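Colleague:
2 protein chains.
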Amino acid sequence: MTSRLKVLTIEDDAAIRCGIVDALTFAGYDVIDAADGTSGERRAIEDQYDLLLLDLGLPGVAGLDILRQVQRLRPDRPVIILTAKGEEADRVQGLRSGADDYVVKPFSVKELLARIEAVLRRAIPKPEQPFAQWQQGILDFERRELRYHDQSRTELSEKESELLQYLIANSGRAISRDELLAGVWQISPQGINTRTIDMHIARLREKLRDNPESPTTLLTVRGKGYMWMAIEHRRAHESHG
Amino acid sequence: MTSRLKVLTIEDDAAIRCGIVDALTFAGYDVIDAADGTSGERRAIEDQYDLLLLDLGLPGVAGLDILRQVQRLRPDRPVIILTAKGEEADRVQGLRSGADDYVVKPFSVKELLARIEAVLRRAIPKPEQPFAQWQQGILDFERRELRYHDQSRTELSEKESELLQYLIANSGRAISRDELLAGVWQISPQGINTRTIDMHIARLREKLRDNPESPTTLLTVRGKGYMWMAIEHRRAHESHG
DNA sequence: AAACGTCGTTACAAACTCGTTACGCTCGAG
DNA sequence: CTCGAGCGTAACGAGTTTGTAACGACGTTT
Numbered sequence: 004m005t006s007r008l009k010v011l012t013i014e015d016d017a018a019i020r021c022g023i024v025d026a027l028t029f030a031g032y033d034v035i036d037a038a039d040g041t042s043g044e045r046r047a048i049e050d051q052y053d054l055l056l057l058d059l060g061l062p063g064v065a066g067l068d069i070l071r072q073v074q075r076l077r078p079d080r081p082v083i084i085l086t087a088k089g090e091e092a093d094r095v096q097g098l099r100s101g102a103d104d105y106v107v108k109p110f111s112v113k114e115l116l117a118r119i120e121a122v123l124r125r126a127i128p129k130p131e132q133p134f135a136q137w138q139q140g141i142l143d144f145e146r147r148e149l150r151y152h153d154q155s156r157t158e159l160s161e162k163e164s165e166l167l168q169y170l171i172a173n174s175g176r177a178i179s180r181d182e183l184l185a186g187v188w189q190i191s192p193q194g195i196n197t198r199t200i201d202m203h204i205a206r207l208r209e210k211l212r213d214n215p216e217s218p219t220t221l222l223t224v225r226g227k228g229y230m231w232m233a234i235e236h237r238r239a240h241e242s243h244g
Numbered sequence: 004m005t006s007r008l009k010v011l012t013i014e015d016d017a018a019i020r021c022g023i024v025d026a027l028t029f030a031g032y033d034v035i036d037a038a039d040g041t042s043g044e045r046r047a048i049e050d051q052y053d054l055l056l057l058d059l060g061l062p063g064v065a066g067l068d069i070l071r072q073v074q075r076l077r078p079d080r081p082v083i084i085l086t087a088k089g090e091e092a093d094r095v096q097g098l099r100s101g102a103d104d105y106v107v108k109p110f111s112v113k114e115l116l117a118r119i120e121a122v123l124r125r126a127i128p129k130p131e132q133p134f135a136q137w138q139q140g141i142l143d144f145e146r147r148e149l150r151y152h153d154q155s156r157t158e159l160s161e162k163e164s165e166l167l168q169y170l171i172a173n174s175g176r177a178i179s180r181d182e183l184l185a186g187v188w189q190i191s192p193q194g195i196n197t198r199t200i201d202m203h204i205a206r207l208r209e210k211l212r213d214n215p216e217s218p219t220t221l222l223t224v225r226g227k228g229y230m231w232m233a234i235e236h237r238r239a240h241e242s243h244g
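Listed in order, the protein sequences are those of chains A and B. Quick note on numbering: our numbering labels position 221 of the first sequence as 224, and the sequence is numbered without any gaps. Quick note on numbering: our numbering labels position 64 of the second sequence as 67, and the sequence is numbered without any gaps.
1) Residues of the segment 103 to 123 of chain B with a CB closer than 9 angstroms to any CB of chain A: list them in chain order, please.
2) Would you mind telling me which residues of chain B sit closer than 7 angstroms to Arg125 of chain A, beta carbon to beta carbon, in chain order?
3) For His203 of chain A, count the other beta carbons within 10 Å of its own beta carbon; 16 or more makes it buried, fewer makes it exposed. Which is it?
4) Using a Cβ-Cβ cut-off of 8 angstroms, state whether Pro130 of chain A counts as contacting chain B.
5) Apart from the five residues just before and just after Leu8 of chain A, which ones in its own chain have a Cβ nearer than 6 angstroms to its Cβ?
6) How is Tyr169 of chain A classed by DSSP in three states: helix, strand or coil?
7) Quick check: is any heavy atom of the ligand SAM less than 7 angstroms from the C-beta of Gly186 of chain A?
8) Within a Cβ cutoff of 7 angstroms, which residues of the same chain sit near Ile141 of chain A, ignoring the five residues on either side of it in sequence?
9) Grab the span of the beta strand (DSSP E) containing Val10 of chain A for me, first residue to last.
10) Between which two residues does the beta strand (DSSP E) holding Leu27 of chain B run?
11) Between the Cα of Ala117 of chain B and the Cα atoms of A:Ala102, A:Ser42 and A:Ile195, which residue gives the shortest distance?
12) Under 8 angstroms, do Val64 of chain B and Glu49 of chain B count as touching if we go by C-beta distance?
13) Exposed or buried, which one is Ala18 of chain A when buried takes at least 16 other CB atoms within 10 Å?
14) What residue does the alpha helix (DSSP H) around Thr41 of chain B start on, and which one ends it?
15) Which residue wins for smallest C-alpha separation from Ile23 of chain A, given the options A:Pro81, A:Arg176, A:Ile119 and A:Ala92?
16) Hey, is the segment 185 to 196 of chain B in contact with the segment 81 to 98 of chain B, meaning 3+ C-beta pairs nearer than 8 angstroms?
17) Reducing DSSP to helix, strand and coil, say where Ala37 of chain A ends up.
18) Counting Cβ pairs closer than 8 angstroms, one from the segment 198 to 215 of chain A and one from the segment 151 to 166 of chain A, do we hit at least three?
19) From what residue to what residue does the beta strand (DSSP E) around Arg150 of chain B run?
20) Since Gly66 of chain B and Gly89 of chain B should fall inside the 8 angstroms C-beta cutoff, what is the C-beta to C-beta distance between them, to a whole number of angstroms?
21) Taking C-alpha atoms, which residue in B:Ala121, B:Arg180, B:Lys210 and B:His152 lies nearest to Thr197 of chain B?
22) Any chance you could list the alpha helix (DSSP H) runs of at least 4 consecutive residues sitting entirely within the segment 84 to 134 of chain B, in chain order?
23) Which of the three DSSP states, helix, strand or coil, is assigned to Met232 of chain B?
24) Using beta carbons (cut-off 8 angstroms, strictly below), is Glu90 of chain B in contact with chain A?
25) Determine the burial state of Ala47 of chain A: buried for a count of at least 16 other Cβ atoms within 10 Å of its Cβ, exposed for fewer.
26) Out of A:Ser42, A:Arg124, A:Val106 and A:Ser155, state which residue places its alpha-carbon closest to the alpha-carbon of Ala87 of chain A.
27) If you reduce the DSSP assignment to three classes, tell me which class Gly194 of chain B lands in.
28) Taking a contact to mean a Cβ-Cβ separation below 8 angstroms, would you say Arg176 of chain B touches Glu145 of chain A in this structure?
29) Quick check: Val249 of chain B and Glu114 of chain A, are their CB atoms within less than 8 angstroms of each other?
30) So what does DSSP say about Thr220 of chain B, is it helix, strand or coil?
31) Assign Val64 of chain A to one of three DSSP states: helix, strand, or coil.
32) Count the other C-beta atoms from every protein chain shown that fall within 10 angstroms of the C-beta of Asp104 of chain B, then say buried if there are 16 or more, exposed otherwise.
33) Which residues, taken in chain order from the segment 174 to 199 of chain B, show a beta carbon closer than 9 angstroms to some beta carbon of chain A?
34) Check each residue of the segment 61 to 73 of chain B: if its Cβ is closer than 9 angstroms to any Cβ of chain A, include it; give the result in chain order.
35) So, for Arg156 of chain B: in the same chain, excluding its five sequence neighbours on each side, which residues have a beta-carbon less than 7 angstroms away from its beta-carbon?
36) Identify, in the order they occur along the chain, each residue of the same chain with its Cβ nearer than 8 angstroms to the Cβ of Lys252 of chain A, setting aside the five sequence neighbours on each side.
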């Protein structure tokens, strides 16, 4: 349930708007959109979003007026102007008015996405929380430590941390040892026979305080590999004994 | 008189470089510049500046390598790429590599200034806090001293104070020794092997009365670096019982 | 000159990491 | 049931990283 970032798109041309919505959605953003200046301004002021993609030259309210309102009422909200008005004077005016970037149509979707990322990198303090949690507490990969609900804590080693991050990033799926060797150890598992991974899992289970007899968090899938059982997936699976 | 913002320009073409320097100076910035990749990289790592204007396609070190080093060693320094390489792929790569903006030559000086303003608007250098507190007392960076709750006090040396300020300004994140060498000692850590930082940390811990066995304020993150644990972060993390 | 504070190096001990090996247990196909 | 492959883990050890005592060069203060 990594909270996705939300983009508000104000754009009157239906084709372009749909294209943007599709591209952003595909790129993993939540998107809300408005097709004219009047509704756009309302949404820009009232709605919850992390970035505003703003067309100038809209029917209804002028784009720059929306920008001004946003500056006044939602001052930290980042804005990228996306418009056909590509004259130098327009670009300068747009940026001077407080926009974070100014992209001229026709534009490259890839570049737009890259620019959105660049703006969000600066404007949104912490795009995603670095924490995960499990039964017994919280995982902090920045500090590479586990914090238990009882306030005590343990450190993770570098490899333990990487392994755990990999498993969590692929939670709910059994990961083979070969995949882990490739993904975490960055080595091609050419018929290599090693118990390293098993050892790391054992040490992780100990730190996670997971019962090795019947682990509930870091599962063994015999013949397949290991699997992280995310807390949010648990409920569905628990109901079978 | 608020101190003027300083821009570092790395650009090999003398004409363009002078044009930029003049324009930025006229616009009220302090400007320092480098004419090739090698000296540019050194300045980008060692010098003090608020924004980096970076040309790609330099003689000497490749521009993107400089960008990578800046990302690693001066992580919150904003960068605008300013180059003739205008292909979509280049622009996307530059932005994805962490640049804040990407301006293609030939460019409009007015627009460049507007974009610089836009980037600086978000990446304002945070004013250094003259005070901080920790478990055992209060830190006064103006007097470079520690005041303990029991009324006694100790002085910090110059380097100790700078190091501590850097760590506090980046609290909650593990700072690598290389980043500290760049940010506090202003030297490029090219394969340097030194225990200086460890010694300063040890002396700081002693003055902070932090237990070196399990420090609670100035943490070691093995293999990564050191991290200041701010008092205000402490509560948020612990409260989960 | 002597005493002092700073800050870097060196050297060594201690702690930690992470892989291997060995051995015992478990599961499940036959 | 038996047996072998798969798994858990204790024990070990080479290599790496960290803490810090001791020291020396240097500049400042007394």
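Glycine residues also receive a C-beta, built at the ideal position from the N, C-alpha and C atoms. Since the structure is predicted, the reported quantities are computational estimates derived from the model, not experimental observations.
Modeller: Answer, in terms of the structure:
1) The residues in question are Asp103, Asp104, Tyr105, Ser111, Lys113, Glu114, Leu116, Ala117, Arg118, Glu120, Ala121 and Val122.
2) Under the 7 angstroms cutoff, chain B gives Asp103, Arg125 and Ala126.
3) His203 of chain A is buried by the Cβ-count criterion.
4) Confidence at Pro130 of chain A is low in this model, with a pLDDT of 49, below 50, so its placement is unreliable and no value can be given for it.
5) Around Leu8 of chain A, the same chain offers Tyr32 and Asp53 as residues with beta carbons nearer than 6 angstroms, after the five sequence neighbours per side are excluded.
6) Taken through DSSP and simplified to helix, strand or coil, Tyr169 of chain A comes out as helix.
7) Although the ligand SAM was asked about, the structure shown includes no ligands whatsoever.
8) Correct list, in chain order: Phe134 and Arg150.
9) Where Val10 of chain A is concerned, the enclosing beta strand (DSSP E) stretches over Lys9 to Ile13.
10) First-last for Leu27 of chain B: Ala17 to Phe29, but that is the alpha helix (DSSP H), not the beta strand (DSSP E).
11) Check the Cα spacing between Ala117 of chain B and each of A:Ala102, A:Ser42 and A:Ile195: the tightest is with A:Ala102.
12) No, these two residues do not count as a Cβ contact at 8 angstroms.
13) Exposed, since its Cβ has fewer than 16 Cβ neighbours within 10 Å.
14) Taken as a continuous stretch (DSSP letters only), the alpha helix (DSSP H) holding Thr41 of chain B covers Gly40 to Glu49.
15) For the residues A:Pro81, A:Arg176, A:Ile119 and A:Ala92, the minimum Cα distance to Ile23 of chain A belongs to A:Ile119.
16) Using a C-beta cut-off of 8 angstroms, the segment 185 to 196 of chain B makes no contact with the segment 81 to 98 of chain B, since fewer than three inter-stretch Cβ pairs fall below that distance.
17) The three-state reading of DSSP puts Ala37 of chain A in strand, counting E and B together.
18) These segments touch.
19) Glu148 to Tyr151 is the extent of the beta strand (DSSP E) around Arg150 of chain B.
20) At roughly 14 angstroms, the Cβ-Cβ gap does not stay under 8 angstroms, so Gly66 of chain B and Gly89 of chain B are not in contact.
21) Measuring from the Cα of Thr197 of chain B, the nearest candidate turns out to be B:Arg180.
22) If one requires a minimum length of 4 residues, the alpha helix (DSSP H) runs lying completely within the segment 84 to 134 of chain B are 91 to 99 and 112 to 125, in chain order.
23) Note: Met232 of chain B maps to coil in three-state DSSP.
24) Answer no: the Cβ-Cβ gap between Glu90 of chain B and chain A never drops below 8 angstroms.
25) By the neighbour-count definition (other C-beta atoms within 10 Å, threshold 16), Ala47 of chain A is a buried residue.
26) Here the closest residue by C-alpha is A:Val106.
27) In the structure shown, Gly194 of chain B sits in coil (DSSP, three-state: anything other than H, G, I, E or B).
28) Yes.
29) Outside the shown range of chain B, which is 4 to 244, sits residue 249 of chain B, and nothing can be said about it.
30) Annotated three-state conformation of Thr220 of chain B is coil, per DSSP.
31) Coil, per DSSP.
32) Residue environment for Asp104 of chain B: buried (at least 16 other C-beta atoms within 10 angstroms of its C-beta).
33) Listed by position, the residues of the segment 174 to 199 of chain B near chain A (Cβ gap below 9 angstroms) are Gly175, Arg176 and Ala177.
34) Residues of the segment 61 to 73 of chain B that bring their beta carbon within less than 9 angstroms of a beta carbon in chain A are absent altogether.
35) Annotation for Arg156 of chain B: Glu148, Leu149 and Arg150 place their beta carbon closer than 7 angstroms to its own, counting only its chain and skipping 5 residues before and after.
36) Because chain A in this structure spans residues 4 to 244, residue 252 of chain A falls outside the shown range and cannot be described.
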